[in-house]
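Q: Sequential numbering from 75 applies to the sequence shown in this note's numbering.
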Amino acid sequence: MIKKFLIERFSWIFLFLFLQLLFVFIAIIDTAIPLSSILYIVFLSFIIFIFFVIIRYQKETKFYRSLEEWENSLDVTRITNAESPFEHIIEDCITNQTEMLKKNSSLNLMSLEKEKDELLSWIHEVKTPLTAMSLMIDRLEDEKMKAQLTHEWLRIHLLLDTQLHQKRIPFMENDLFMEKVNLQSLIVKEIKTLQSWCMQKGIGFNMEVEVTEVVSDGKWVAFIIRQLLTNAVKYSEGSDILIRTYEQNGQTVLEVKDSGRGIDPKDLPRIFDKGFTSTAEHQDHAATGMGLYLAKRSAKSLLITIDVQSTLGKGTTFTLTFPKRNEFHQITGV
75 MIKKFLIERF SWIFLFLFLQ LLFVFIAIID TAIPLSSILY IVFLSFIIFI FFVIIRYQKE
135 TKFYRSLEEW ENSLDVTRIT NAESPFEHII EDCITNQTEM LKKNSSLNLM SLEKEKDELL
195 SWIHEVKTPL TAMSLMIDRL EDEKMKAQLT HEWLRIHLLL DTQLHQKRIP FMENDLFMEK
255 VNLQSLIVKE IKTLQSWCMQ KGIGFNMEVE VTEVVSDGKW VAFIIRQLLT NAVKYSEGSD
315 ILIRTYEQNG QTVLEVKDSG RGIDPKDLPR IFDKGFTSTA EHQDHAATGM GLYLAKRSAK
375 SLLITIDVQS TLGKGTTFTL TFPKRNEFHQ ITGV
C-alpha cells in the first residue's frame, strides 16, 4: 500500500522536491541570498513534509485498505466510512452498484425457484401418464413389442428420475431423513426396475450380501445405487453384474462390479465431472454425463465415499464406503 500511495502522490512529491531544488539553485546564483539560511529552510521543509506524508498516508489509505480487505459478500458495512469528497464518490458508486446487484440477484433467485418448482411440477405430472402407459404395456400380448416398449418406458422413467434429483440436490440437506436402511431389499427393488433392460441385454445379477443394514437416507442411497446399476447395465452386454456388501474397518462397503467395456485410464479422473461422457466413446449421444456426477454429489452429503477401479475391456468396479456409526451425528448436523 505504501508503494501505491507514493506512486499515486508522485506528482505532488516531485513538485515539492523541484521547489526545494529551485530555492537552493536561486540561492547559489544570487549572492544576495544567504545559502546557509536557504539550506536550513529546505531542511525544515523536508522534516515537515515527511511528517505530513506519514499523516496523510494513514488518513488517505484507511478507506482503500478496507476496500482491499473487503470480501465480495455484498456487505458494504465492512468498508470504512469515507471522509474525503472523492472517497464519498467511490462509496456512493459501490453502494449503488451493490444494491443493484442484490436486487438482480434476488430477482434471479426468485426466477430460478419458480423455474425449479414448475419443472418439478411438470415431472410429477408426467409420471401419471407414464404409470398409465406402464399398465397398458403390461396388458400387451405381443412379447417382443412389450419388451421394446418397456425398455423405452424405462429410459424415459430414468431420465425423469435423474432430472428430478438434479433439481433437488441443491436443497438436499433439507430433505435428509436418517434411518436404518435395508440394503438388500433396496438393491433388489432397483434390480427389478431394470429387469426388462437386463433381459434385453442378457445381463444377470449375483448378490453377496453380508451386511444388510446401514444408517443413511434410504431415498438418496437408492438414487446413488440406481445410478451405479444403470451405468453398469448400460456398458455391459451378456454378462453378470456382481453386487456385494461387507464390513471393513468398521464401515459398510458396497461394491458394484461389471464385466463391461471398462473405462479408459485417462478418463478415470474425470468420470464424476459434470457433463463428462467419454473420450473413447465420444459418439455416444445417449450419454448425458450427469449420472455419476449426481451420484457423487449425493454421496458427499451423506458422507459416503465413492471409489472406482476399471480395466479397459474387462470391466469396472464402483465401491461405496458408508460412514462409521460414530459419524452419524455429522450427517444429521448438516
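In this text, a Cβ means the ideal position worked out from N, Cα and C, and glycines have one as well. None of the values given here were measured: they were computed from a predicted structure.
Is there at least one non-hydrogen atom of the ligand FMN closer than 8 Å to the beta-carbon of Pro159?
A: No copy of the ligand FMN appears in this structure; indeed no ligand is present at all.
Q: Enumerated in chain order, which unbroken segments of the beta strand (DSSP E) with a length of 3 residues or greater are wholly contained in the stretch 226-312?
A: 253-256, 278-283, 287-290
Q: Quick one: using the 10 Å Cβ neighbour count with 16 as the cut-off for buried, is Tyr114 buried or exposed?
A: exposed
Q: Is Asp381 closer than 9 Å to Arg300 when the C-beta atoms are compared?
A: no
Q: Under the DSSP definition of a beta bridge, which residues are partnered with Gln325?
A: Gln322
Q: Leaving out five residues before and five after His356 in sequence, what residues of the same chain have Cβ atoms less than 8 Å from its Cβ?
A: Residue placement at His356 cannot be trusted, given a pLDDT of 47 that sits under 50; the coordinates are not used to answer.
Q: Please name the residue in Tyr138, Phe84, Leu233, Asp338 whose C-alpha comes closest to that of Thr168.
A: It is worth fixing the name first, because residue 168 is Ile in this sequence and not Thr. Cα-wise, what sits closest to Ile168 is Tyr138.
Q: Would you mind sorting Gly387 into buried or exposed? The rule is 16 or more other CB atoms within 10 Å of its CB.
A: exposed
Q: To which residues of the same chain is Ser384 closer than 6 Å at the C-beta, ignoring the five residues directly before and after it?
A: Residues of the same chain with a CB within less than 6 Å of the CB of Ser384, apart from the 5 flanking positions on each side, are Gly336, Ile337, Thr390 in chain order.
Q: Does Ile380 come out as helix, strand or coil in the three-state DSSP assignment?
A: strand
Q: Relative to the C-alpha of Asn280, which residue among Ile128, Gln258, Thr224 is closest?
A: Gln258
Q: According to the neighbour-count rule (16 or more other Cβ atoms, all chains shown, within 10 Å of its Cβ), is Gly365 buried or exposed?
A: Buried.
Q: Only counting the same chain, and skipping five residues up and downstream in sequence, which positions put a Cβ closer than 6 Å to that of Ala101?
A: Ile107, Leu109, Ile112, listed in sequence order.
Q: Under 9 Å, do Ser270 and Leu316 count as touching if we go by C-beta distance?
A: no
Q: Let me know the secondary structure DSSP gives His359 once reduced to three states.
A: Only weak support is given to the placement of His359: the predicted model assigns it a pLDDT of 48, under 50, and the value that follows is read from those uncertain coordinates. Coil at His359, not helix or strand.
Q: Output the boundary residues of the alpha helix (DSSP H) element that contains Gly365.
A: 365-375
Q: Using a Cβ distance threshold of 8 Å, determine whether the stretch 275-294 contacts the stretch 248-267, with at least three qualifying pairs required.
A: yes
Q: Does the distance from the CB of Ser310 to the CB of Gly334 come in under 9 Å?
A: Yes, the Cβ-Cβ distance between Ser310 and Gly334 is below 9 Å.
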